[in-house]
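Residue numbers (this note's numbering): 1 to 164. To keep things clear, I will list the structure first and then write my remarks on it.
Written out as structure tokens, the structure reads:
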């Protein structure tokens with residue numbers, strides 16, 4: 001199980017480093033929208049590989065509530081593949097992404113709740129860096145526009161930490 005968790009972690013970090021050469025994206029899964037169509041398949045396949053290699057260790061660690069791990073992986077895969085199959089899927093992509101983030105933290109709460117204390121670092125950053133609301137925006141920009149990727153990184157760190 002540790003080997004699969006490490007493979008998933010290496011895939012996650014390696015893919016982000018390779019694909020984000022143009023700068024830090026607003027979100028890991030949303031980076032697919034800035035890629036040409038041929039690379040969208042590659043990026044979505046990479047995200048599915050990360051989710052699938054995480055599935056077995058997550059479900060075995062959760063035991064009686066393994067269905068939470070399964071739902072988390074399904075939501076990760078949903079966020080990965082929706083941009084490839086339809087042009088107007090940002091809503092579905094966002095719903096799957098938020099569900100995956102929330103469910104991953106529920107899994108963390110079941111495995112090792114101490115990892116949830118990491119959010120105490122992130123929450124002050126949100127309120128300290130919120131900008132004023134522009135006319136064209138529905139929500140204020142957080143952390144200079146990198147609030148979503150910061151949340152994704154916090155979810156990943158806490159989930160991998162809880163698995164180890």
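Here a beta-carbon is modelled for each residue, glycine too, at the ideal position from N, C-alpha and C.
What does the alpha-carbon distance come out to for the pair residue 152 and residue 28? 7 Å
Measuring CB atoms only, is the region 96-103 touching the region 54-67, in the sense that at least three cross pairs come out at less than 8 Å? no
DSSP state of residue 116 mapped onto helix, strand, coil: helix
Sub-8 Å separation of residue 57 and residue 159 beta-carbons: no
Using beta-carbon positions only, say whether residue 48 and residue 80 come within less than 8 Å of one another. yes
So, with DSSP's three-state summary, where would you put residue 57? helix
Compare the Cα-Cα distances from residue 50 to each of 149, 119, 74 and 106 and report the closest residue. 74
Leaving aside the five residues before and after residue 77 along the sequence, list all residues of the same chain whose C-beta is less than 7 Å from its C-beta, in chain order. 48 and 51
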